[in-house]
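**Student:** Line by line, the protein sequences give chains A and B.
For the first sequence, position 168 matches number 151 in our numbering, and the numbering has no gaps at all.
For the second sequence, position 313 matches number 296 in our numbering, and the numbering has no gaps at all.
Could you have a look at this structure, given as structure tokens, before my questions?
2 protein chains.
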Amino acid sequence: MDNKIFPSIAIIGVGLLGASIAHAVRAYGGAGEVRLFDHNPDARAMAEKLVPGQMMASASEAVRGAEAVFLCVPVGALGKLTEEISSDLKPGAILTDVGSVKHSVTADMAASCPDTVHLIPGHPIAGTEKSGPASGFADLFAGAWHILTPLKTDTADYKKAIETLSLFWLTLGAKVELMSTERHDRVLAITSHLPHLIAYNIVATAYDMESVEEGEVVKYSAGGFRDFTRIAASDPIMWRDVFLNNKTAVLETLGRFSEDLAALQRAIRWSDGDMLVEEFKRARGIRKAIIEAGIDTDEPDFGRRSLKATNHD
Amino acid sequence: MDNKIFPSIAIIGVGLLGASIAHAVRAYGGAGEVRLFDHNPDARAMAEKLVPGQMMASASEAVRGAEAVFLCVPVGALGKLTEEISSDLKPGAILTDVGSVKHSVTADMAASCPDTVHLIPGHPIAGTEKSGPASGFADLFAGAWHILTPLKTDTADYKKAIETLSLFWLTLGAKVELMSTERHDRVLAITSHLPHLIAYNIVATAYDMESVEEGEVVKYSAGGFRDFTRIAASDPIMWRDVFLNNKTAVLETLGRFSEDLAALQRAIRWSDGDMLVEEFKRARGIRKAIIEAGIDTDEPDFGRRSLKATNHD
């Protein structure tokens, strides 16, 4: 099978995700020519050295002639970027993105996407806490879900475009799922946006305590805290845009979280041990489901081992 | 050097920590005879098969003649257990524990610890989300801090006992630090107790949302959520006891966390992007400090890779 689904693609924004698409295409196919652009000169310079593909002089130049265009920028920038490239998009091309929020940004992109172009927003449930061109790698999408949130358009051409784009992501190793933008944003609010917000918050709280406790927060962070710092190391601009563009679902989910936390707080204050045990046991059930679904390793401590030189080394 | 610091030790409670002490002693020395006991018959049967040492018929029998006694039970059980064994403790012996809370439980143990016995409470900053006799392993303490919170006793004998116990933990690969019980409980409230409470809470919130979102919370948990489920899989009874026995510091720290979270919530509601970016950037600083201190791996995603069979396999 010829796995060059698209003779030419453009990737605008060559951070963790954009760079990983380029690496994955080189490793697994899915496209012929890969054209790159990034508005940040430093990222551009780094990507020229590290990311397989042809660096172009502008976003418009990169998308010209491409059968599929991947916008890999923070979601707050998607509307403006679509406007910038709209007149250069090839009729019949697919325009997609990798943003963590779908509802509001689909409208942002649709506002200036030509009728002749198939807008199919997308979101890979894949990533690491790293960012920038150097952080990309070919296997980022392997085994991960890729959610597409197609418009309500019902034409045969549009359906065909969804199939083609799905095939591209399958080629890169992903599993594809279709979903409405509203549902995507509600589900991701709990599986991704709230956890990141909470992680950022606990790290900020600890940061302030660090001065109170004279450096001992970092020193004893292996007690559980360090896990939160990993996801809190994610790109700040990307996450600002996520929260500002999925406000309704995030605030709703946060409301539930705070209610539940207040109940735990009350149980601690009034020494309601039975309530605590009941809540803590429920948590094991969901961990078990995640392990059984093959979504995380069952190795103790994620398979990490001690890192410091020890007396035994 | 003869590394049998104690001719005979007793380990009461053969879960993750108790079993790991036994394995570590077999691997690295530090003690001659290892006597075990667990009040739970299932744990006892499993430990007889899996954990190196001599299983005794009772806690009292296990501690008889031992130069050091390690109480490895949930902190809520330490007072009662000390009472149970107090008349069988050998004069001059060291009595210690591995509990995650130190202030209240030191008083619980001191209440029935004979004057002839050196009570030196301790806490290894080591563990995994697993529990039970099968979860123990020899390298759990390697490179980890072991905090001792000695009483204010100032006798030469007591000082000597602290040195001997420190040497034991060094032999097992740990780094030893002395601290007051109050300070220990404040520092661990932020580095360990609050993170576990938050993880339990977000998993419980998600558990309720799971029914709302028809199974999609588990399915898309790789977005960040699954990390929280790991520490929320820890032993419920152990953690109930931690929260009930470190109430003051946990509630104080939780108060700070909730204040900070309310500020983030307000910033999202009012679209204060600058405030979000500022907070998120601070988090990177603390992650950097943890990596530089060698306390966590800098590998993306803790070095995990995709787990599901993919198209590439």
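Glycine included, every Cβ here is placed at the ideal spot set by N, Cα and C.
Taking only runs that begin and end inside the stretch 20 to 94 of chain A, name each unbroken alpha helix (DSSP H) of 4 or more residues, in chain order.
**Tutor:** The stretch 20 to 94 of chain A contains these whole alpha helix (DSSP H) runs: 24 to 33, 42 to 46, 61 to 68, 86 to 93.
**Student:** Taking the C-alpha atoms as reference points, what is the distance between Asp279/B and Thr188/A?
**Tutor:** So the alpha carbons of these two residues sit roughly 20 Å apart.
**Student:** In this structure, does DSSP put Leu131/A in helix, strand or coil?
**Tutor:** Leu131/A: strand per DSSP, three-state reduction.
**Student:** Please classify Glu275/B: does DSSP put it in a helix, a strand, or coil?
**Tutor:** Correct three-state label for Glu275/B: helix.
**Student:** Please state whether DSSP places Gly126/A in a helix, a strand or coil.
**Tutor:** Looking at Gly126/A - three-state DSSP - the assignment turns out to be coil, as it is neither helix nor strand.
**Student:** Does Ser289/A come within less than 8 Å of chain B when only Cβ atoms are used?
**Tutor:** Residue placement at Ser289/A cannot be trusted, given a pLDDT of 44 that sits under 50; what the coordinates show is reported in the next sentence. Yes, contact with chain B.
**Student:** Based on Cα-Cα distance, which residue from His86/A, Asp91/A, Gly62/A, His101/A lies nearest to Leu72/A?
**Tutor:** That would be His101/A, whose Cα lies nearest to the Cα of Leu72/A.
**Student:** Roughly how far, in whole angstroms, is the beta-carbon of Ser3/B from the beta-carbon of Phe124/B, given that I think they are within contact range, below 8 Å?
**Tutor:** Right, the Cβ-Cβ distance comes to about 7 Å (below 8 Å), so this counts as a contact.
**Student:** Rounded to the nearest angstrom, how far is the Cβ of Gly36/B from that of Val58/B, given a contact under 8 Å?
**Tutor:** Their Cβ separation, rounded to whole angstroms, is 23 Å, which puts Gly36/B and Val58/B out of contact at 8 Å.
**Student:** When the cut-off is 8 Å and only beta carbons count, does Phe151/B lie next to chain A?
**Tutor:** No, its Cβ sits nowhere closer than 8 Å to a Cβ of chain A.
**Student:** Is the separation between the beta-carbon of Phe263/B and that of Trp253/A shorter than 8 Å?
**Tutor:** Against a cut-off of 8 Å, the Cβ pair of Trp253/A and Phe263/B comes out as no contact.
**Student:** Please compile the residues from chain E whose C-beta is within a distance smaller than 8 Å of the C-beta of Ser175/B.
**Tutor:** Checking the listed chains, one finds no chain E in this structure; the protein chains it contains are A and B.
**Student:** Alpha helix (DSSP H) containing Phe240/B: first to last residue?
**Tutor:** Counting along the chain, the alpha helix (DSSP H) containing Phe240/B begins and ends at 230 to 252.
**Student:** In three-state DSSP terms, what is Ser217/B?
**Tutor:** Three-state result, Ser217/B: coil.
**Student:** Count the other CB atoms, across all protein chains shown, that sit within 10 Å of the CB of Ser118/B; report buried if there are 16 or more and exposed otherwise.
**Tutor:** Ser118/B should be labelled buried.
**Student:** I'd like to know if Gly314/B contacts chain A, where contact means its C-beta is closer than 8 Å to some C-beta of that chain.
**Tutor:** This structure leaves residue 314/B out entirely; chain B is present only between -16 and 296.
**Student:** Is Pro283/B helix, strand or coil when you go by DSSP?
**Tutor:** DSSP places Pro283/B in helix when its eight states are reduced to three.
**Student:** What span of residues does the beta strand (DSSP E) with Leu161/A cover, start to end?
**Tutor:** Residues 158 to 161.
**Student:** When the Cα atoms are used, what is the spatial distance from Asp257/A to Asp218/B?
**Tutor:** The straight-line gap from Cα to Cα measures roughly 14 Å.
**Student:** State yes or no: is the beta carbon of Pro219/B nearer than 8 Å to at least one beta carbon in chain A?
**Tutor:** Yes, because at least one Cβ of chain A sits closer than 8 Å to the Cβ of Pro219/B.
**Student:** Using the beta-carbon of each residue, which ones in chain A are nearer than 8 Å to Ala117/B?
**Tutor:** By Cβ distance, chain A contributes nothing, its closest Cβ being about 11 Å from Ala117/B, past 8 Å.
**Student:** Look at the Cβ atom of Val88/A, then the Cβ atom of Asn228/A, and state whether they are nearer than 8 Å.
**Tutor:** Closer than 8 Å, so yes.
**Student:** Roughly how many angstroms lie between the CA atoms of Ala157/A and Gly(-4)/A, to the nearest whole one?
**Tutor:** When rounded, the distance between both Cα atoms is 20 Å.
**Student:** Measure the alpha-carbon distance for Thr212/A versus Gly82/A and round it to whole angstroms.
**Tutor:** Thr212/A and Gly82/A: Cα-Cα distance of roughly 22 Å.
**Student:** Would the beta-carbon of Gly207/B fall within 8 Å of that of His179/A?
**Tutor:** Yes, these two residues count as a Cβ contact at 8 Å.
**Student:** Can you pull the chain A neighbours of Tyr183/B, defined as C-beta to C-beta under 8 Å?
**Tutor:** The answer, in chain order, is Leu247, Glu262, Phe263, Ala266.
**Student:** Within the 8 Å Cβ cut-off, does Pro178/B reach chain A?
**Tutor:** True, the Cβ-Cβ gap to chain A drops below 8 Å.
**Student:** Comparing C-alpha positions only, which one of Asp224/B, Arg249/B, Val225/B sits nearest to Lys230/A?
**Tutor:** Of the listed residues, the one whose Cα sits closest to Lys230/A is Arg249/B.
**Student:** In terms of DSSP beta bridges, what is Ile(-8)/B paired with?
**Tutor:** DSSP lists Val17/B, Ala51/B as partners of Ile(-8)/B.
**Student:** Please return the same chain residues whose Cβ sits closer than 7 Å to the Cβ of Ile(-12)/A, not counting the five positions on each side in sequence.
**Tutor:** Contacts found: Gly13, Ala14, Thr147, Leu150, Phe151, Thr154.
**Student:** Relative to the alpha-carbon of Ala110/B, which residue among Leu0/B, Val225/B, Asp255/B has its alpha-carbon at the smallest distance?
**Tutor:** Looking at the sequence shown, residue 110/B is not Ala but Gly. Here the closest residue by C-alpha is Leu0/B.
**Student:** Return the CA-CA distance between Tyr203/B and Val170/A, expressed in angstroms with no decimal places.
**Tutor:** Roughly 8 Å between the two C-alpha positions.
**Student:** Got a sec: which bits of the stretch 159 to 172 of chain B sit with their beta carbon under 7 Å from any beta carbon on chain A, in order along the chain?
**Tutor:** Under the 7 Å Cβ criterion, the stretch 159 to 172 of chain B contributes Arg169, Val170, Leu171.
**Student:** From the DSSP secondary-structure annotation, give me the bridge partner or partners of His334/A.
**Tutor:** Given a span of -16 to 296 for chain A in the structure shown, any question on residue 334/A remains unanswerable.
**Student:** Hey, Ser95/B and Ala49/B: beta-carbon distance below 8 Å or not?
**Tutor:** It is not a contact, given that the beta carbons lie outside the stated cut-off.
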